[in-house]
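Everything on this sheet refers to the single structure shown next.
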Amino acid sequence: MKIKISLNESSSDFAKEVEERSGIKVRECYQCGKCTAGCPVAYEMDYMPNQIIRFVQIGAKREALTSRTIWLCASCITCTTRCPKEVKIAELMDVLREMSLEEGLANPLEKNITTFHKSFLNSIKKHGRISELWMLNEYKMKRPKTALQDLVVAPQLISKGKLSFLPHDIKGKDVIKRIFEKCE
Amino acid sequence: MRIGYYPGCAITTGSSSEEYGTSVLRVSQVIGPELEEIHDWNCCGASSAHATNHKLSTALSIRNISLAEKYGFKEILAPCPMCSQRLIISQKDVADDEKLKKEVEDAIEMPCNSGVKILNYLELIKNYCMDDIAKNLKKTPKDLKIASYYGCLLVRPPKVLQFDDPEDPKSMDEIVKAIGAKPVEWEFKTNCCGGGFTLSRTDVVLKLTNDILEGAVEAGADAIAVACPMCHANLDMRQKKIEKEYNRKFNIPIVYISELIGLALDLGAISLGLNKHFVETESVVNAFS
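Chains R and C are the protein sequences, given in the same order. According to my numbering, the stretch in the first sequence is residues 13 to 196, in order. According to my numbering, the stretch in the second sequence is residues 422 to 710, in order.
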């Protein structure tokens, strides 16, 4: 498959930027493809994990940060475990996701995933812990198309007493709020 | 022996995997060690934090370790492997990075110098409970074949977690043997179930879990044992949907390893939360006599 990429004068800095930020030795990768061979979600990705590493190596920042792949990585860490060059690929995906959000480049086709993360973190920010019902509620309001699929299990969870209506606020929730403020 | 208990959000009472917490605590009442909840713990941030904000993820995790240290715990049990993995990784990240450590201490408004050891549930059982299981064994199952499913987070990343073999772990199989059940050999022990994509990319979860369930059935398992709330939810709560999507029938019970230990100690099935599953667990309960 031919991929058209856009490089410019700042491209050469990208690998360095990623390495400095994460301590991950991206330039060590010699493209053996073992990460891709063992990736359980590769079948859904627009670029294979080894291609994402290649993008970083050659400075194709936009291609890496707008890919669906970085969001579809399930963080199972099989790639990092098996990499013969000890490149921490799963951890690299974390860094790329973070940079993608910072630059407003997150792929809209994986909006369900980014919205889920946001709803999840909002629940922690508010209560200090996850209140599953309220987290679900926020997520489903923002992604109504996903609401239908869980119409069957939600009432069952409630009837089994496994979906509490009352959020539990921790005593230190103000500290948690400040943690978010200092880290965001 | 007093160990700090960090339940995490998914397994506390009133949450989607409460039977895991219920059975862990019930078993510890009989064979120890004494578990004491870490006062005012917070969520570790799970995938959503580490996937989007490394500093936030580290600070949320470390606050719990610092609290444990403040209350004098030397060891913490985190039965949810998402929690145990995040806590251990964060501990290593601050140990390796002085700047990050300072930022985290500033954010959580507490020092973090901890040498607190974080245990997953299999490790707790292996380190403290094997003799007591043998001594207190009341019921052994008749010909119950179990597929031990470890998933991702108990064993990976191996360099950081340093627990069991990342490709062919054995610790859960040892526990299965200790209670008189038979572990089956199968190939999906550490395959990914799709974890946190259960709500956002359910299609991915259905495909991965279909493969795992098929692997267990082909290996002749009567049930799958797990030690992770996400694995459990995806294999148990989603099993009907998997069957519908792939037009087949599995009807295979998914049980927590703590529930199996509890049944062998003759603790009542309901007190272990075995009535809270989506797939009926009666065949497993009845195998113990």
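For glycine and all other residues, C-beta sits at the position ideal for the given N, C-alpha and C.
For R423(C), no alpha helix (DSSP H) run applies; the uninterrupted beta strand (DSSP E) run containing it begins and ends at R423 to Y426, by DSSP. Under the three-state reduction of DSSP output, Y571(C) falls in the coil class, being neither helix nor strand. Contact annotation for D461(C) against chain R: I182, K183 and G184 [CB-CB distance below 7 Å, chain order]. Contact check between the segment 661-673 of chain C and the segment 630-642 of chain C: three or more CB pairs, one atom from each, fall below 8 Å, which counts as touching.
In this structure, the beta-carbon distance from I554(C) to P604(C) does not fall below 8 Å. Each residue's CA atom was taken as its position, placing K183(R) and L656(C) some 34 Å apart.
Annotated as distal: K538(C) and V581(C), with beta-carbon spacing of 8 Å or more.
For E530(C), the secondary structure class from DSSP, reduced to helix, strand or coil, is coil. In this structure, C47(R) places its C-beta atom within 8 Å of the C-beta atom of C95(R).
The three-state secondary structure of K556(C), taken from DSSP, is helix. Per DSSP, the unbroken alpha helix (DSSP H) holding Y542(C) starts and ends at Y542 to L545. Exposure of F177(R) is indicated by the presence of fewer than 16 other C-beta atoms within 10 angstroms of its C-beta.
Beyond the five residues adjoining it in sequence on each side, A642(C) comes within less than 8 Å, by CB distance, of K566, I567, A568, V605, W607 and I673 in the same chain, given in chain order. Here V448(C) is near L686(C), since their CB atoms are less than 8 Å apart.
For chain R, the residues of the segment 647-680 of chain C that bring a beta carbon within less than 7 Å of one of its beta carbons are M658, in chain order. Taking C-beta atoms as the reference points, A54(R) and I17(R) fail to come closer than 8 Å. In the DSSP assignment, I673(C) falls outside any alpha helix (DSSP H) and carries neither an H nor an E. Identification of residues in the segment 118-135 of chain R having a C-beta nearer than 7 Å to some C-beta of chain C yields N124, I125, F128, H129, F132 and L133, given in sequence order.
Exclusion of the five residues before and after E56(R) leaves L84 as the residues of its chain whose Cβ lies within less than 7 Å of its Cβ. Using a C-beta cut-off of 8 Å, the segment 450-463 of chain C makes contact with the segment 540-554 of chain C, since at least three inter-stretch Cβ pairs fall below that distance. Listed in chain order, the positions of the segment 605-617 of chain C with a beta carbon within less than 7 Å of a beta carbon of chain R are N612, C613, G615 and G616. Three or more Cβ pairs closer than 8 Å define a contact, and the segment 468-475 of chain C falls short of that threshold against the segment 700-708 of chain C. Taking a beta-carbon distance threshold of 8 Å, K520(C) does not count as an interface residue toward chain R. For T473(C) and I82(R), the gap between their C-alpha atoms comes out near 11 Å. At the C-beta level, R155(R) and T127(R) come within 8 Å of one another. Not a single C-beta of chain C is nearer than 8 Å to the C-beta of G45(R). Chain order gives the chain C residues near L175(R) as G435, S436 and S437, where near means a beta carbon separation below 9 Å.
As for any alpha helix (DSSP H) of minimum length 4 sitting wholly inside the segment 105-182 of chain R, the runs are 123-139, 144-154 and 165-171, ordered along the chain.
A direct Cα-to-Cα measurement between K661(C) and C652(C) gives close to 15 Å.
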